[in-house]
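There are 2 protein chains.
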Amino acid sequence: MADINLQEKSDGPESGATPLPDDPERRQALELIELLFFAYRDFISDPDEILSGYGFGRAHHRVVHFVGRNPGMRVAQLLEILRITKQSLGRVLRELIETDFVYQREGDRDRRQRLLYLTDKGIALMHDLQEPQIARVRRAIEQAGPEAERLYRDVLFHLIDAGDRANVELLISKADE
Amino acid sequence: MADINLQEKSDGPESGATPLPDDPERRQALELIELLFFAYRDFISDPDEILSGYGFGRAHHRVVHFVGRNPGMRVAQLLEILRITKQSLGRVLRELIETDFVYQREGDRDRRQRLLYLTDKGIALMHDLQEPQIARVRRAIEQAGPEAERLYRDVLFHLIDAGDRANVELLISKADE
DNA sequence: TAAAATATGTCAATATGGCTGACATAAATT
DNA sequence: AATTTATGTCAGCCATATTGACATATTTTA
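Protein chains in written order, with our numbering: chain A, 346 to 522; chain B, 346 to 522.
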């Protein structure tokens with residue numbers, strides 16, 4: 346990260362006007378907000394690198410990940426999870442199908458549905474992408490002590506919009522069969 | 346979040362091939378990875394909405410946030426934090442300066458530097474953007490119990506690339522004056 | 001059965017936010 | 001005086017998202 350050291354704020358004349366309210370709770374929250382930014386930034390850096398080798402981007406990653414974790418999921422479900430439009434997903438999905446990472450099957454009960462599955466090639470890619478992230482998470486949990494897993498999980502869970510929590514929980518636990 | 350319920354996986358014929366290694370530690374890590382995705386997704390949704398009102402995007406948000414937290418920071422430091430190129434930052438910064446959210450001042454000791462500051466208008470925007478995020482973080486910490494703040498912070502910190510942690514810590518704590 | 005709703009796909013146009021490479025200027029350092 | 005540093009800018013490109021309109025097949029409903 347080279348050198349990020351800030352120059353001493355010679356908060357000289359005409360400085361930035363109204364200072365922040367110096368509320369310690371606010372400060373604490375701001376620090377956590379920034380930590381989340383940096384953690385997320387580094388967290389996606391490993392997959393990004395792998396993906397660039399395939400000519401793929403983050404959108405492809407998300408599709409491979411969620412389809413891999415939930416074989417047979419519907420397109421509409423994927424749209425809901427990713428919160429993007431059909432048109433945006435369209436190209437990415439087409440590319441993944443054309444390059445044989447993903448395939449579709451007609452739904453049994455509803456033949457309008459195109460259920461999504463990873464091919465073996467897709468599964469291999471999924472694992473490649475998961476490896477560094479799993480290692481990173483495990484390391485972090487380990488280094489933060491025994492209670493860390495539960496509390497970290499709890500905080501993340503409560504950062505999610507209240508109305509979505511039940512669905513997310515269902516999705517995550519279901520994905521583990 | 347509408348309805349994300351997955352259809353029962355009628356993991357019929359020709360299903361997705363090689364199943365995942367059913368390692369509970371792996372499973373746990375995958376769930377945390379997904380929680381981080383969902384938490385981050387919702388976490389940036391509030392600012393996104395506010396920004397769209399100004400015709401700004403996430404890049405503008407990041408600039409306003411970090412310049413606001415570190416008045417007088419240099420362009421090079423901002424680039425290091427955001428991990429983007431000079432050219433990418435250029436447009437965003439120009440827009441923020443033209444619309445009077447950010448201004449630049451020559452460095453005192455080094456007159457090549459263009460130190461960055463928020464105008465009053467910029468500070469107001471920063472506060473608007475911070476409000477929902479601070480509320481969200483506080484709520485989550487509260488609901489996750491007394492130890493949550495420390496451990497959540499610790500995990501996030503260790504998710505950051507080891508080589509960057511010292512700099513991030515410095516940046517974050519310095520930002521609180 | 002006919003009409004309506006649903007699941008998906010696609011076309012075209014557009015915006016944003018990244019990227020690379022090349023080059024320019026001013027100021028500081030060697 | 002030469003080099004390095006801090007910043008800016010031009011031009012072109014790519015990835016990922018957007019909206020709106022429309023098409024098709026299938027299921028559900030009236």
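Beta carbons are placed, not taken as given, at the ideal position from N, Cα and C, and that holds for glycine. Please read these numbers as outputs of a predicted model, since none were measured by experiment.
- Judged by DSSP in its simplified three-state form, Q458(B) adopts coil rather than helix or strand.
- Residue burial annotation: G508(B) is exposed, with fewer than 16 other C-beta atoms found within 10 angstroms of its C-beta.
- Membership of R484(B) in the alpha helix (DSSP H) is indicated by the continuous run D465 to Q488.
- From the beta-carbon of D387(B), the residues of chain A found nearer than 8 Å are L504, I505, D506 and D509.
- Proximity of R457(A) to chain B, defined by a Cβ-Cβ separation below 7 Å, is not satisfied.
- For L474(B) and L504(B), the gap between their C-alpha atoms comes out near 25 Å.
- Within chain B, the residues F383 have their CB atoms less than 7 Å from the CB of V513(A), given in chain order.
- Remark: C-beta atoms of V500(A) and A493(B) approach each other more closely than 7 Å.
- Between Q449(A) and chain B, the shortest Cβ-Cβ separation is not below 7 Å.
- Of all residues in the segment 462 to 479 of chain B, only Y462, L463, T464, D465, G467, I468, A469, M471, H472, Q475, Q478 and I479 place a beta-carbon less than 9 Å from a beta-carbon of chain A.
- Around the C-beta of P392(B), 16 or more other C-beta atoms lie within 10 Å, and the residue is accordingly described as buried.
- In this structure L441(A) is not in contact with L423(A), their Cβ atoms being roughly 11 Å apart against a cut-off of 8 Å.
- Taking C-alpha positions only, R456(A) is separated from R439(B) by approximately 52 Å.
- Straight across, the Cα-Cα distance linking R495(B) with R436(B) is about 38 Å.
- In the three-state DSSP reduction, E492(A) falls in the coil class, being neither helix nor strand.
- In the three-state reduction of the DSSP assignment, R450(B) falls in the strand class, which pools E and B.
- Under the Cβ distance rule, R483(A) counts among the residues neighbouring chain B, one pair being separated by less than 7 Å.
- Counting along the chain, N512(B) sits inside the alpha helix (DSSP H) bounded by residues R510 to A520.
- The DSSP assignment places complete alpha helix (DSSP H) segments of no fewer than 4 residues inside the segment 363 to 388 of chain A at 369 to 388, in order along the chain.
- Between L424(A) and chain B, the shortest Cβ-Cβ separation is not below 7 Å.
- A direct Cα-to-Cα measurement between Y385(B) and R428(A) gives close to 12 Å.
- In this structure, Q478(A) is the residue among V447(A), A421(A) and Q478(A) with its C-alpha nearest to the C-alpha of L375(B).
- Excluding residues up to 5 positions away in sequence, nothing lies with its Cβ nearer than 7 Å to the Cβ of P369(B) in the same chain.
- The alpha-carbon of R510(B) is positioned some 27 Å away from that of I468(B).
- E492(A) belongs to the set of residues whose beta carbon lies under 7 Å from a beta carbon in chain B.
- Annotation for V447(B): V408, V409, V412, L438, L441, L461, Y462, L463, T464 and G467 place their beta carbon closer than 8 Å to its own, counting only its chain and skipping 5 residues before and after.
- Within the same chain, and ignoring the five residues on either side of G452(B) in sequence, the residues whose Cβ sits closer than 8 Å to its Cβ are R419, Q458, R459 and L460.
- Cα atoms of F401(A) and P416(B): separation of roughly 37 Å, rounded to the nearest angstrom.
- For R450(A) and E443(A), the gap between their C-alpha atoms comes out near 15 Å.
- Listed in chain order, the non-local C-beta contacts of Q373(B) below 6 Å within the same chain number zero, local neighbours out to five positions each way being set aside.
- Counting every other CB atom within 10 Å of its CB across the protein chains shown gives A520(A) a total of 16 or more, marking it as buried.
- Counting only the Cα atoms, Y497(A) lies some 15 Å from F388(B).
- Taking CB atoms only, A404(B) has no neighbour in chain A less than 7 Å away.
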